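Add 297 to the 1-based position in the first sequence for the numbering used here, that's all there is to it.
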Amino acid sequence: MRWSQLFIPTLREDPAEAEVVSHRLLLRAGYIRQLAAGVYSYLFLAQRSLNRIIGIVRQEMDAIGGQEFLLPALHPAEVWQESGRWDVMGNDMFRLKDRNAHDMCLGMTHEEVMTVIARGELRSYKQLPQIWYQIQNKFRDEPRPRSGLMRVRQFIMKDSYTFDMDAAGLDVAYQKHYQAYCRIFSRCGLKYVAVEAHSGAMGGSQSHEFMVKSPAGEDWVVECPKCGYAANLEKAVSHPSPAQGPDPDGDLTPEEFHTPGRKTIAEVAEFTGLPETSQMKSLVMVADGQPVLALLRGDHQLSETKFAGALGAKEIRPAHPQEIVEWFGAEAGSLGPVGVTGMRILADLALQGRRNMIAGANKDDHHLRHVTPDEDFKPEYRDLRQVASGDACTGCGGELALDKTIEIGHIFKLGYRYSEGMGLRVLNAEGKEVAPIMGSYGIGIERILSSAVELYADSDGMALPVAIAPFHVVITPVNNADAAQMKAAREIYEGCRALGLDPLLDDRDERPGVKFKDADLIGIPYRITVGKKLARGMVELVERRGKLTSEVEVGAAAAAVSQKIESALQDGH
RNA sequence: CGGGGCGUAGCGCAGCCUGGUAGCGCACCUGCCUUGGGCGCAGGGGGUCGUUGGUUCAAAUCCGACCGCCCCGACCA
298 MRWSQLFIPT LREDPAEAEV VSHRLLLRAG YIRQLAAGVY SYLFLAQRSL NRIIGIVRQE
358 MDAIGGQEFL LPALHPAEVW QESGRWDVMG NDMFRLKDRN AHDMCLGMTH EEVMTVIARG
418 ELRSYKQLPQ IWYQIQNKFR DEPRPRSGLM RVRQFIMKDS YTFDMDAAGL DVAYQKHYQA
478 YCRIFSRCGL KYVAVEAHSG AMGGSQSHEF MVKSPAGEDW VVECPKCGYA ANLEKAVSHP
538 SPAQGPDPDG DLTPEEFHTP GRKTIAEVAE FTGLPETSQM KSLVMVADGQ PVLALLRGDH
598 QLSETKFAGA LGAKEIRPAH PQEIVEWFGA EAGSLGPVGV TGMRILADLA LQGRRNMIAG
658 ANKDDHHLRH VTPDEDFKPE YRDLRQVASG DACTGCGGEL ALDKTIEIGH IFKLGYRYSE
718 GMGLRVLNAE GKEVAPIMGS YGIGIERILS SAVELYADSD GMALPVAIAP FHVVITPVNN
778 ADAAQMKAAR EIYEGCRALG LDPLLDDRDE RPGVKFKDAD LIGIPYRITV GKKLARGMVE
838 LVERRGKLTS EVEVGAAAAA VSQKIESALQ DGH
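Here it is in structure tokens:
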């Protein structure tokens, strides 16, 4: 296509509201414009790039036997009430009423709708397995949209749903998706990791997230460089570092001592001269309205996800200061498990077997020494500890690393929640009614674009992978007034088209500097510069990433770039 | 929902403190010039100063309410 005819509104300056790299560049390069908080218009370049991404996703989904549907974005309240999620989703769901005051909502996801279709039509085990998917807009009224296309309120998602007769069938569907996701993200040119994930409020047994490491990410993943263990921080396990000092021996009884003004673990450690690992950290949480005491080693952090999981709680929060005083008779900073009644006490596994530790005395400015779990109080032991960087891998002992990541895909086994709950039944070979087992698998389409921008940006702009760039190559005549240059540029352009490439001809009447800057900014992976060297019959072929430049003959330029593109697509660059 | 910041031309900003009816750079339009990294010269168009109430002879400027957007945190199938 000819640049002079296109709408590519590049900005010379950074828009003030954009902070993260991808947001800034997508705006500057004329890919997107904001309409409201977390709502964006995708202009020409973004649409081309997203279509490329969608094309890859579609191919790979079809390759595993997926069947594409297009489902309503507008749902009646009933289907969500039936699954019980009308209430669960709270303010994250966009809700509205139709003219008859009937409750409706915009779909955040499509388990309900898919299940409704399935229960109306699937009758026999002979019809299973099924893989149904859709690529379309989903709506979530995010409490805080942010980071450009990273967290938005309307976004494109590929979502698939599988129906199988048994767990073994689900395993197959799950593995197919796992493999398909690996192919999709590799083909899109991303460096990603698949990590074990928490399956969240959806329930279900097994779950993996596909993550791209990036400082712009919002999730933490834990990785072992030695054995390849990788998990979302919410779910990750590790061996904690050893306690920094031995516990005092003997069958000692708790003994109160005065700790004026010492509230934090660090302050108490300094005051007593004992390491933080000798202390018990007491956190008061409220789980579904009930107070619960959580105990950890002094230097450890509570994983709220693990904590909620251990209790099977839907909603947890730290107790308010007034509540703490009411229940413990002391303020946070002097709390401990000894003498606590009327609430569950959950202790992290790292406290099991420890003796004679320091804990709060439930009396302001006082602590207890010689507190021993199981003797001085009876806790329930659970894994509550959030993994920290440097912990030892439980598999191989390697040193775990923590990285910030962007979640681009999530697959999980749903189990029977929707089929059971919404009355989806088929007859099995014995003629008995059974509920099929389901899986659900999502990909954030815009996040693939954002991640690619983040991953390959430099000071000049973006440098998109060939497979998802809006054009393969931009042909830049340096001087429009030079008829020979324009002619050669057009010939190369036509040559590229003949080879099946998507070329962009920069025929704008602009100074060369402007053309180069814009080409770099919008991230087209290759540029053919037609300039002075044309006198010798040569043009330049520039790779956007790394700015590698080579000279080729005019007549060979199209073939040369085609070859590079071909191999880049093979290697996923 | 808690904390912070911002709203003046398409974009980036100044003006506000100390009220007197709006300015700069980029972009845009016209002409000339120039053509290997956001060129030069000349001329020009474009703004209900987020909305609304109040104070005042007079409000972009002072006071109040509201709305919107960004950032940090909480939250996040």
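No residue lacks a Cβ here, since even glycine has one placed at the ideal position from N, Cα and C. Computed from a prediction, not measured in an experiment: that's the story for all the values here.
TODO: Have a look at Lys-784 and Ile-742 and give me their C-alpha separation to the nearest angstrom.
DONE: Numbered from its first residue, the first sequence carries residue 784 at position 487. Numbered from its first residue, the first sequence carries residue 742 at position 445. If you take the alpha carbons of Lys-784 and Ile-742, they lie about 39 Å apart.
Open item on the list: Let me check you understand the geometry: is the CB of Met-582 closer than 8 Å to at least one non-hydrogen atom of the ligand SAM?
Closed with: With respect to the ligand SAM, the structure shown offers nothing to examine, as it has no ligands at all.
- [ ] Please say whether Ala-760 and Arg-842 have beta carbons closer to each other than 9 Å?
- [x] Here the question's residue 842 lines up with position 545 in the first sequence. Here the question's residue 760 lines up with position 463 in the first sequence. It is a contact, given that the beta carbons lie within the stated cut-off.
Task: C-alpha distance - Lys-603 paired with Gly-363, whole-angstrom precision - done: Position 306 of the first sequence, counting from 1, holds the residue named residue 603. Position 66 of the first sequence, counting from 1, holds the residue named residue 363. Lys-603 and Gly-363 have their alpha carbons spaced roughly 34 Å apart.
Open item on the list: Cutting at 6 Å between CB atoms, please list the residues of its own chain near Ser-747, excluding the five before and the five after it.
Closed with: For the purposes of this step, residue 747 is taken as the residue at position 450 of the first sequence. Correct list, in chain order: Ser-319, Leu-446, Met-447.
Open item on the list: I want to know whether the segment 699-712 touches the segment 391-399 - three or more CB-CB distances under 8 Å.
Closed with: In short, these stretches do not touch, since the Cβ pair count stays below three.
Task: Secondary structure, alpha helix (DSSP H): runs of 4+ residues fully inside the segment 407-467 - done: Counting whole runs of 4 or more residues, the segment 407-467 contains the alpha helix (DSSP H) stretches 408-418.
Task: Through-space distance from Leu-801 to Ile-305, alpha-carbon basis - done: To locate residue 305, count along the first sequence from 1; it is residue 8. To locate residue 801, count along the first sequence from 1; it is residue 504. Going by the C-alpha atoms only, they are around 12 Å apart.
- [ ] Below 6 Å CB to CB, which residues in the same chain sit around Pro-369 once its five sequence neighbours on both sides are set aside?
- [x] In the first sequence, the residue the question calls residue 369 occupies position 72. No residues qualify anywhere along the chain.
Task: Pick from Lys-829, Met-577, Arg-787 that is closest to His-667, judged by C-alpha positions - done: Start at 1 with the first residue of the first sequence, and residue 667 comes out as number 370. That would be Met-577, whose Cα lies nearest to the Cα of His-667.
Task: Counterpart residues of Gly-712 in DSSP-defined beta bridges - done: Here the question's residue 712 lines up with position 415 in the first sequence. DSSP lists Met-735 as partners of Gly-712.
Task: For Lys-578, the residue or residues it bridges with in DSSP - done: Position 281 of the first sequence, counting from 1, holds the residue named residue 578. In DSSP, Lys-578 forms a bridge with Leu-593.
Task: Bridge-paired residues (DSSP) for Val-874 - done: There is simply no residue 874 to check, as the chain begins at 298 and stops at 870 in what is shown.
Open item on the list: For Ser-301, which residues in the same chain have their Cβ closer than 6 Å to its Cβ, ignoring the five residues on either side in sequence?
Closed with: On the first sequence, position 4 is the one that residue 301 refers to. So the list reads Asp-804, Arg-805, once near-sequence residues are dropped.
Open item on the list: For the structure I just gave you, are there three or more beta carbon pairs, one from the segment 451-466 and one from the segment 728-741, closer than 8 Å?
Closed with: yes
- [ ] Under 8 Å by Cβ, that's how I've got Thr-574 and Asp-596 pegged, so tell me the actual separation to the nearest angstrom.
- [x] Within the first sequence, residue 574 is the residue found at index 277, counting from 1. Within the first sequence, residue 596 is the residue found at index 299, counting from 1. That belief holds up - the Cβ atoms of Thr-574 and Asp-596 are roughly 6 Å apart, short of 8 Å.
- [ ] Would you mind stating whether Arg-441 and Gly-720 have Cβ atoms separated by less than 9 Å?
- [x] If you number the first sequence from 1, residue 441 lands on position 144. If you number the first sequence from 1, residue 720 lands on position 423. Not closer than 9 Å, so no.
Open item on the list: Let me check understanding here. Comparing Cα to Cα, which of Asn-777, Arg-594, Leu-752, Leu-590 lies closest to Arg-614?
Closed with: For this step, residue 614 is matched to residue 317 along the first sequence. Residue Leu-590 is the option with its Cα nearest to Arg-614.
- [ ] Return helix, strand or coil for Leu-801, following the three-state DSSP convention.
- [x] Along the first sequence, read from residue 1 onward, the residue named residue 801 stands at position 504. Leu-801 falls in the strand class under three-state DSSP.
TODO: Tell me whether the beta-carbon of Ser-737 lies closer than 9 Å to the beta-carbon of Ser-457.
DONE: Residue mapping note: residue 737 aligns to position 440 of the first sequence, counting from 1. Residue mapping note: residue 457 aligns to position 160 of the first sequence, counting from 1. Going by C-beta atoms, Ser-737 is nearer than 9 Å to Ser-457.
Task: CB contact flag (Gly-712, Ile-745, <9 Å) - done: Residue mapping note: residue 712 aligns to position 415 of the first sequence, counting from 1. Residue mapping note: residue 745 aligns to position 448 of the first sequence, counting from 1. Contact: no.
Task: Where Ser-756 sits in the DSSP three-state scheme - done: Taking the first residue of the first sequence as position 1, residue 756 is located at position 459. Coil, per DSSP.
- [ ] Inspect the CB distances between the segment 766-780 and the segment 810-829 and report whether three or more fall short of 8 Å.
- [x] Contact between the segment 766-780 and the segment 810-829 is present, with at least three C-beta pairs closer than 8 Å.
- [ ] Consult DSSP for Tyr-489 and reduce its assignment to one of helix, strand or coil.
- [x] For the purposes of this step, residue 489 is taken as residue 192 along the first sequence, with counting starting at 1. Looking at Tyr-489 - three-state DSSP - the assignment turns out to be coil, as it is neither helix nor strand.
- [ ] Look at the alpha carbon of Ala-607 and the alpha carbon of Leu-632, and state the distance between them as a whole number of angstroms.
- [x] By one-based count along the first sequence, residue 607 stands at place 310. By one-based count along the first sequence, residue 632 stands at place 335. Taking the straight line joining both Cα atoms gives about 22 Å.
- [ ] Determine the direct distance from the alpha carbon of Ile-361 to that of Met-499, and round the result to whole angstroms.
- [x] Against the first sequence, residue 499 aligns to sequence position 202. Against the first sequence, residue 361 aligns to sequence position 64. Low per-residue confidence applies at Met-499: pLDDT is 49, beneath 50, and the placement is therefore not dependable, though the value from the model is reported in the following sentence. Approximately 24 Å between the Cα atoms of the pair.
Open item on the list: Given this structure, state the Cα-to-Cα distance separating Gly-514 from Leu-393, to the nearest angstrom.
Closed with: As a first step, residue 514 is located in the first sequence; it is residue number 217 there, counting from the start. As a first step, residue 393 is located in the first sequence; it is residue number 96 there, counting from the start. Answer to the nearest angstrom: the Cα atoms are 32 Å apart.
TODO: Could you pull the start and end residues of the beta strand (DSSP E) that Val-336 belongs to?
DONE: In the first sequence, counting from the first residue as 1, residue 336 sits at position 39. 336-339 is the extent of the beta strand (DSSP E) around Val-336.
Task: N-terminal and C-terminal residue of the beta strand (DSSP E) that Ala-313 is part of - done: Sequence index remark: in the first sequence, residue 313 carries index 16 (1-based). Premise fails: Ala-313 is in no beta strand (DSSP E) and is neither H nor E.
- [ ] Let me know the alpha helix (DSSP H) ranges lying completely inside the segment 361-415, each 4 residues or longer, listed in chain order.
- [x] 374-380, 382-385
Task: Glu-506 versus Ala-540 - alpha carbon distance - done: Along the first sequence, read from residue 1 onward, the residue named residue 506 stands at position 209. Along the first sequence, read from residue 1 onward, the residue named residue 540 stands at position 243. Rounded to whole angstroms, Glu-506 to Ala-540 spans 33 Å at the Cα level.
Task: Lys-915, enclosing beta strand (DSSP E) - first and last residue - done: In the structure as shown, the chain begins at 298 and stops at 870. Residue 915 is therefore absent and cannot be evaluated.
Open item on the list: Taking 9 Å as the threshold (C-beta atoms), are Val-449 and Tyr-339 in contact?
Closed with: As a working note, residue 339 is residue 42 in the first sequence. As a working note, residue 449 is residue 152 in the first sequence. No; because the gap between Cβ atoms is not below 9 Å, this pair is not in contact.
Task: For Pro-670: DSSP bridge partner residues - done: As a first step, residue 670 must be located in the first sequence, where it is residue number 373. BP columns for Pro-670 point to Phe-674.
Task: Cutoff 7 Å; reference Leu-866; Cβ partners in own chain excluding five residues on either side - done: The residue you call residue 866 lines up with position 569 of the first sequence. Annotation for Leu-866: Val-763, Ala-764 place their beta carbon closer than 7 Å to its own, counting only its chain and skipping 5 residues before and after.
Open item on the list: Do Arg-325 and Gly-758 count as a contact pair if the criterion is CB distance below 9 Å?
Closed with: The residue labelled residue 758 in the question sits at position 461 within the first sequence. The residue labelled residue 325 in the question sits at position 28 within the first sequence. Their beta carbons are under 9 Å apart, which means Gly-758 touches Arg-325 by this criterion.
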